[in-house]
Amino acid sequence: MKKIGIPETIESLSTKKTDRLYLNDFFLTWDKSMDELTAVLEVAEIFRYMRKLNISPKVFDSGIAVSIFRDKSTRTRFSFASASNLLGLALQALDEEKSQIAHGETVRETATMISYLTEVIGIRDDIFLGEGHRYQKEVAESVHQGYLEGVLSRRPTVVNLQCDIDHPTQTMSDLLHVMNYFDGMENLRGKKIAITWAYSPSYGKPLSVPQGIIGLLTRFGMEVALAHPKGYDLMPEVEDLARKNALDSGGAFSKVDSMEEAFQDADIVYPKSWAPYAVMEERTQRLKAGDDEGLVALEAQCLESNKDFIDWTCTDELMKTTKEGGALYLHCLPADITGVSCERGEVEVSVLDRHRVPLYTQAGYKPYIIAAMIFLSKIENPAEKLTEMVNEGRKRVL
Amino acid sequence: MKKIGIPETIESLSTKKTDRLYLNDFFLTWDKSMDELTAVLEVAEIFRYMRKLNISPKVFDSGIAVSIFRDKSTRTRFSFASASNLLGLALQALDEEKSQIAHGETVRETATMISYLTEVIGIRDDIFLGEGHRYQKEVAESVHQGYLEGVLSRRPTVVNLQCDIDHPTQTMSDLLHVMNYFDGMENLRGKKIAITWAYSPSYGKPLSVPQGIIGLLTRFGMEVALAHPKGYDLMPEVEDLARKNALDSGGAFSKVDSMEEAFQDADIVYPKSWAPYAVMEERTQRLKAGDDEGLVALEAQCLESNKDFIDWTCTDELMKTTKEGGALYLHCLPADITGVSCERGEVEVSVLDRHRVPLYTQAGYKPYIIAAMIFLSKIENPAEKLTEMVNEGRKRVL
Amino acid sequence: MKKIGIPETIESLSTKKTDRLYLNDFFLTWDKSMDELTAVLEVAEIFRYMRKLNISPKVFDSGIAVSIFRDKSTRTRFSFASASNLLGLALQALDEEKSQIAHGETVRETATMISYLTEVIGIRDDIFLGEGHRYQKEVAESVHQGYLEGVLSRRPTVVNLQCDIDHPTQTMSDLLHVMNYFDGMENLRGKKIAITWAYSPSYGKPLSVPQGIIGLLTRFGMEVALAHPKGYDLMPEVEDLARKNALDSGGAFSKVDSMEEAFQDADIVYPKSWAPYAVMEERTQRLKAGDDEGLVALEAQCLESNKDFIDWTCTDELMKTTKEGGALYLHCLPADITGVSCERGEVEVSVLDRHRVPLYTQAGYKPYIIAAMIFLSKIENPAEKLTEMVNEGRKRVL
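Chains as they are written, first to last, in my numbering: chain A, 128 to 525; chain B, 128 to 525; chain C, 128 to 525.
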């Protein structure tokens with residue numbers, strides 16, 4: 128979005144229809160209208176500007192933000208902690224091993240028990256296809272029911288910190304990054320982005336980032352080109368959605384067979400590893416069956432097949448084929464860097480090094496995006512409240 | 128307590144003698160006078176009302192709340208975190224594995240080291256008979272001594288989050304729940320509560336909940352009926368206390384031989400599993416002796432004996448025999464539910480499902496009860512301070 | 128420092144040159160000027176006085192304090208948590224196992240990712256000679272670069288919570304303790320301190336405390352006597368530094384061959400175990416080589432050699448040989464106490480018991496020292512800001 132000031136951004140926010148965000152969850156970007164997505168981006172930018180002016184956006188005097196991480200995380204963990212803190216909430220992690228969940232407690236019960244003074248629940252559950260999103264919905268339905276029954280005095284918001292389908296806090300940060308890079312949402316129209324598979328010596332990375340990207344960026348009139356080796360398909364329903372989005376927005380969604388083709392004349396590239404779809408499905412089956420040996424075998428087999436595509440890597444050579452040889456390189460990080468974190472990986476170190484500053488800038492939007500999602504789900508009149516806070520001008524650092 | 132407003136409740140609180148709660152700990156409900164217990168309940172209700180009015184009860188601008196959990200916990204962990212946060216304290220968990228306690232440090236030293244800027248220490252230590260309460264007292268005595276010697280500038284309060292003897296944050300929440308259900312403390316007089324053992328395919332659950340219940344509810348003129356299979360006795364001194372309480376309060380305390388007899392015409396039922404007394408004692412011995420094999424053998428033997436009493440379960444049939452077939456069903460949760468969390472458990476799913484809303488309401492009092500315990504130990508003139516806060520009306524959510 | 132009041136201490140602080148502390152890190156005390164060290168001590172004392180007057184020193188409305196502990200800790204962990212909380216920061220621990228660091232991420236990247244809304248990063252990394260300080264510097268350089276490049280909107284401060292070379296939050300607390308004990312910094316001149324090795328049945332304790340002590344206390348005109356068995360040398364460059372400091376300050380630094388000689392007429396004694404220098408070096412080698420068996424063998428061998436010096440222990444007998452038999456006994460705690468935490472250890476229980484109150488007082492300075500280090504790195508005009516806060520007089524407890 129154009130680097131305009133706080134008053135203009137609040138003014139623009141006030142024209143958006145955001146009532147459906149209030150007291151609601153954030154699961155998938157495609158659940159949300161363009162107005163709603165834009166509102167999230169605008170509030171994130173307002174929070175970022177306020178920080179520069181040393182104005183505190185703390186709206187809570189007390190309250191709990193619960194995090195549930197069912198997979199490793201650094202970036203998102205710290206982003207959620209930072210966002211919660213920025214708004215005045217205290218983080219409380221649900222550690223499923225230290226809790227009585229081990230005793231066989233239902234999702235509905237646990238969700239209620241952690242929610243009595245809770246404003247938001249952030250969940251990462253991305254390992255098993257068909258599971259993560261389902262679990263997040265179940266938590267949300269549980270607390271919603273508790274709220275309707277009067278058991279909970281407030282309705283905690285569920286924020287998807289990555290599920291098997293989408294990773295909205297990541298892709299919205301990515302979107303804000305490219306908007307700022309290209310100086311406004313309207314300038315994304317017609318820009319080409321290559322979202323491509325890349326080789327990594329690890330296995331089982333979720334599909335949610337590439338899915339989230341094609342599901343989101345096709346809504347802005349962009350030309351989205353997806354490339355991956357045979358067998359590394361994404362969920363067909365998300366591809367269908369991307370196709371429909373592109374039609375609606377006047378953009379394009381295409382599937383191509385090689386990284387080379389995708390990169391050709393691209394304004395933006397997003398090369399990233401993910402697991403083969405069939406492996407993800409098989410993995411869920413074997414896990415449910417408690418087949419530990421089978422899981423190990425699957426991993427070995429998967430790493431073996433990955434090797435067939437070791438040439439799917441983002442090189443300097445390839446970067447030269449992009450628009451004027453200067454495409455914006457995106458990655459959700461950490462990247463598997465050839466010669467740094469592994470022998471052969473997703474990207475050459477020279478490419479990563481040259482793009483380090485924009486990459487780290489990209490990651491830096493996430494705390495603000497999450498704070499915006501929480502804020503819009505908790506505050507009924509966001510533009511009014513932000514105006515009030517900016518006018519009061521409470522200092523963040525004394 | 129009757130659903131009256133904040134001013135009336137503060138007015139009532141102001142008539143209570145609470146000075147002995149100030150700068151003191153909360154170990155066992157029977158250490159406390161009726162005035163003191165009532166004050167805790169009243170402050171908890173005031174905090175709950177304040178939340179509905181969006182008034183913040185934050186009394187600390189900074190300060191640490193330390194939690195020490197020597198057993199799994201979800202409910203109490205989150206309740207303590209929420210209560211601390213509500214009052215403005217930051218939670219800091221003492222993780223005994225990550226600390227230097229492994230180096231053989233004394234309780235006195237650790238207690239001091241974690242207390243320099245600490246206002247409250249919440250402790251769960253419920254696994255070993257004769258150990259938990261003793262440990263909590265030792266922590267309290269250590270910080271008290273540190274305070275007297277000028278080593279600590281403040282006297283941290285110890286709150287019992289469950290020991291081997293009592294579970295006061297649970298039973299006080301239970302009490303507040305039944306008081307609100309029956310529309311006032313005075314209406315508890317003459318009500319019958321069945322606190323009974325129930326079958327569970329797990330072993331070693333602490334005795335503190337049933338003990339806490341008979342030690343507390345006998346003080347309110349209730350008719351308390353305790354039932355358990357042979358060998359599942361509670362600590363004899365707590366039973367003696369319950370008998371004495373009942374005499375003093377004009378209530379009754381009886382031991383009966385079956386769940387059926389206890390449930391007969393009961394207004395409230397609290398069927399719950401616990402470990403055989405002799406097993407709890409033996410377990411402590413074997414643990415102290417480092418007899419790991421013996422512990423495994425004991426567990427197997429205990430689960431085997433449990434099976435003799437698999438019929439001690441709370442069924443719809445049994446619920447029909449309670450007062451007008453409509454007794455209030457209590458559980459501290461999580462319950463072992465037949466067909467849900469285990470094959471045969473403490474309660475039929477239909478009973479639990481029908482009582483889900485009151486059960487979750489019961490659990491929801493705990494953060495307020497804990498906050499009230501902390502508040503009364505830290506604030507010398509509670510009624511005055513609450514009036515001040517309510518008049519100022521600082522918003523919890525902006 | 129003399130027990131004078133807040134205004135005088137602020138007045139004194141205002142005469143110190145502290146601009147080089149602003150936006151800077153705290154690695155080693157010998158990086159800092161006398162003015163800078165004195166400023167840290169003065170701010171720590173002001174915070175301690177403010178607490179007694181119930182005035183809050185909260186300067187942050189929000190913000191994150193990250194802790195990275197690569198070794199066990201109780202005291203420092205709680206001190207850092209308390210200091211952060213006192214200033215208004217929320218603690219977020221980086222748990223390297225739960226993060227994606229396992230995936231082979233670079234220090235630079237991790238440092239950036241945890242820093243977007245972060246004000247301070249506290250690091251303990253003391254196990255491997257040549258590693259801890261290097262790592263802390265790398266983190267600091269990473270966030271500094273991020274700040275210069277505009278990736279980070281603020282420059283997070285790195286605070287050394289113990290490295291392989293120094294343990295400044297400990298030694299500055301020790302210094303403040305002895306200053307208050309002897310009623311002012313000027314009274315340290317000519318006082319003799321014995322910093323001596325002592326036997327412990329544990330292995331591999333870092334050298335950072337004795338190194339930090341000789342590197343710091345030689346700057347105040349003290350007579351520092353170091354004693355240890357053959358082979359338990361400290362880093363030669365730190366000994367050189369101590370020698371130079373002593374020359375500059377008009378004090379003395381001597382190495383003697385026995386505990387007895389060091390204790391003779393000492394005003395202060397600091398007997399403490401540490402690992403043999405060669406073992407520390409060998410250990411780093413074996414660890415880098417992944418030689419687990421070799422590490423176990425090294426430990427056994429080291430414990431065996433330790434036994435040759437089992438008589439290096441602080442006894443009542445020895446204490447009688449100190450100045451008027453009444454030297455101040457220091458320890459960073461936990462001490463290995465003969466007959467309490469081990470069969471034979473660093474100190475007799477009677478010595479420890481008699482010095483318990485001053486020992487716990489010593490440890491109690493650490494939260495204030497850390498808060499002072501953070502404050503001075505974040506606030507450009509510390510004396511002015513403190514005056515403002517004291518005048519406003521916001522209550523810590525309502």
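Where a beta carbon is used, it is the ideal one built from N, C-alpha and C, also for glycine.
Applying a beta-carbon distance threshold of less than 9 Å, which residues of chain B neighbour R197(C)?
Mapped onto the third sequence, residue 197(C) falls at position 70. None at all; the shortest Cβ gap to chain B is about 11 Å.
Taking C-beta pairs closer than 7 Å, name the residues in chain C that Q219(B) reaches, listed in chain order.
In the second sequence, counting from the first residue as 1, residue 219(B) sits at position 92. F205, A208, listed in chain order.
Identify the residues that DSSP records as bridge partners of Y397(A): which are they?
The residue you call residue 397(A) lines up with position 270 of the first sequence. Paired residues: I322(A).
Taking 9 Å as the threshold (beta carbon to beta carbon), is M177(C) in contact with chain A?
Position 50 of the third sequence, counted from the first residue, corresponds to residue 177(C). It does not: the Cβ of M177(C) has no partner Cβ on chain A nearer than 9 Å.
Quick one: does Y274(C) have its CB under 9 Å from some CB of chain A?
Residue mapping note: residue 274(C) aligns to position 147 of the third sequence, counting from 1. Not closer than 9 Å to any Cβ of chain A, the Cβ of Y274(C) fails to qualify, so no.
DSSP state of S327(B) mapped onto helix, strand, coil
To locate residue 327(B), count along the second sequence from 1; it is residue 200. Taken through DSSP and simplified to helix, strand or coil, S327(B) comes out as coil.
Go ahead and pull the three-state DSSP assignment for T465(B).
On the second sequence, position 338 is the one that residue 465(B) refers to. If DSSP states are grouped into helix, strand and coil, T465(B) belongs with the strands.
Is the Cβ-Cβ distance between F309(A) and L353(A) less than 9 Å?
One-based indexing of the first sequence puts residue 309(A) at position 182. One-based indexing of the first sequence puts residue 353(A) at position 226. No.
So P283(C) packs on V247(C), CB below 8 Å; how close in whole Å?
Numbered from 1 along the third sequence, position 156 holds the residue referred to as residue 283(C). Numbered from 1 along the third sequence, position 120 holds the residue referred to as residue 247(C). P283(C) to V247(C), Cβ: 6 Å. Contact.
C-alpha distance - G348(A) paired with A373(A), whole-angstrom precision:
One-based indexing of the first sequence puts residue 348(A) at position 221. One-based indexing of the first sequence puts residue 373(A) at position 246. Their Cα atoms are separated by approximately 7 Å.
Within chain C, partners of N212(A) - CB distance below 9 Å
As a working mapping, residue 212(A) is identified with position 85 in the first sequence. Chain C residues near N212(A): S189, G190, I191, L216, A217, Q219, L244.
Residues sharing a beta bridge with A379(A), DSSP:
Stepping through the first sequence from its first residue, residue 379(A) is reached at position 252. In the DSSP output, where bridge partners are listed per residue, A379(A) has E350(A).
Please say whether P184(C) and M526(C) have beta carbons closer to each other than 9 Å?
Outside the modelled stretch of chain C, which goes from 128 to 525, sits residue 526(C), for which no answer is possible.
Could you check the C-alpha separation between D394(C) and D152(C) for me, to the nearest Å?
Taking the first residue of the third sequence as position 1, residue 394(C) is located at position 267. Taking the first residue of the third sequence as position 1, residue 152(C) is located at position 25. Roughly 33 Å between the two C-alpha positions.
Coarse secondary structure for C429(B), derived from DSSP in three states:
For this step, residue 429(B) is matched to residue 302 along the second sequence. DSSP places C429(B) in helix when its eight states are reduced to three.
Looking at the structure shown, is L302(C) part of a helix, part of a strand, or coil, going by DSSP?
As a working note, residue 302(C) is residue 175 in the third sequence. Looking at L302(C) - three-state DSSP - the assignment turns out to be helix.
Below-9 Å beta-carbon distance, Y456(B) vs any chain A residue:
Looking up residue 456(B) in the second sequence gives position 329. Answer no: the Cβ-Cβ gap between Y456(B) and chain A never drops below 9 Å.
Just mark K415(B) as buried or exposed, buried being the case when its beta carbon has 16 or more other beta carbons within 10 Å.
Along the second sequence, one-based indexing puts residue 415(B) at 288. Its Cβ having fewer than 16 others within 10 Å, K415(B) is exposed.
Interface residues of chain A facing T237(C) [CB-CB closer than 8 Å]
Residue mapping note: residue 237(C) aligns to position 110 of the third sequence, counting from 1. By Cβ distance, chain A contributes T201.
Span separating the alpha-carbon of I191(A) from that of R281(A)
Position 64 of the first sequence holds residue 191(A). Position 154 of the first sequence holds residue 281(A). Straight-line Cα distance between these residues: approximately 11 Å.
Proximal chain A residues relative to T440(B), where beta-carbon distance stays under 8 Å
One-based indexing of the second sequence puts residue 440(B) at position 313. Those within 8 Å of T440(B) in chain A number zero; the least Cβ separation is about 16 Å.
If you follow the beta strand (DSSP E) that V484(B) is in, where does it begin and where does it stop?
On the second sequence, residue 484(B) is found 357 positions in, with the first residue counted as 1. No beta strand (DSSP E) contains V484(B), which is instead part of the alpha helix (DSSP H) from 483-491.
Please report whether the beta-carbon of Y308(C) lies at a distance below 9 Å from any beta-carbon of chain B.
If you number the third sequence from 1, residue 308(C) lands on position 181. Proximity of Y308(C) to chain B, defined by a Cβ-Cβ separation below 9 Å, is not satisfied.
Assuming T245(C) is part of the beta strand (DSSP E), what are its boundary residues?
Position 118 of the third sequence, counting from 1, holds the residue named residue 245(C). According to the DSSP assignment, T245(C) belongs to the beta strand (DSSP E) that extends over 245-251.
Which residues of chain B have a Cβ atom closer than 9 Å to the Cβ of T233(A), listed in chain order?
Here the question's residue 233(A) lines up with position 106 in the first sequence. Here the neighbours are P461, I464, V467, S468.
Residue span of the alpha helix (DSSP H) that contains T411(B), given as start and end:
Residue mapping note: residue 411(B) aligns to position 284 of the second sequence, counting from 1. Segment 404-415, the alpha helix (DSSP H) holding T411(B).
Under a CB-based cut-off of 9 Å, is E511(A) close to chain B?
Sequence index remark: in the first sequence, residue 511(A) carries index 384 (1-based). No, its Cβ sits nowhere closer than 9 Å to a Cβ of chain B.
Could you check if G132(C) is buried or exposed, using at least 16 other CB atoms within 10 Å of its CB as the buried criterion?
Translated into positions along the third sequence, residue 132(C) becomes position 5. Result: exposed.
The stretch 361-368 of chain A / the stretch 314-323 of chain A touching (three or more Cβ pairs under 8 Å):
The stretch 361-368 of chain A and the stretch 314-323 of chain A do not touch, with fewer than 3 CB-CB distances between them shorter than 8 Å.
Proximity test, Cβ basis, 9 Å: M312(C) and chain A
Taking the first residue of the third sequence as 1, we reach residue 312(C) at position 185. Taking Cβ atoms only, chain A never reaches closer than 9 Å to M312(C), which makes this a no.
Go ahead and label R521(B) buried or exposed: buried means 16 or more other beta carbons lie within 10 angstroms of its beta carbon, across all protein chains shown.
On the second sequence, residue 521(B) is found 394 positions in, with the first residue counted as 1. It counts as exposed.
Below-9 Å beta-carbon distance, V478(B) vs any chain C residue:
Taking the second sequence and counting its residues from 1, one reaches residue 478(B) at position 351. Taking Cβ atoms only, chain C never reaches closer than 9 Å to V478(B), which makes this a no.
Give me the Cα-Cα distance between F207(B) and M446(C), rounded to the nearest whole angstrom.
On the second sequence, residue 207(B) is found 80 positions in, with the first residue counted as 1. On the third sequence, residue 446(C) is found 319 positions in, with the first residue counted as 1. Between F207(B) and M446(C), the alpha-carbon positions lie close to 46 Å from each other.
Assign R410(C) to one of two classes, buried (16 or more other C-beta atoms within 10 Å of its C-beta) or exposed (fewer than that).
As a position in the third sequence, residue 410(C) is number 283, starting the count at 1. Per the 10 Å Cβ criterion, buried.
I need the straight-line Cα distance from P134(A) to V396(A), nearest angstrom please.
Residue mapping note: residue 134(A) aligns to position 7 of the first sequence, counting from 1. Residue mapping note: residue 396(A) aligns to position 269 of the first sequence, counting from 1. Taking the straight line joining both Cα atoms gives about 33 Å.
Taking only beta-carbon positions, decide if Y397(C) is within less than 9 Å of chain F.
The structure shown has no chain F; the protein chains it does contain are A, B and C.
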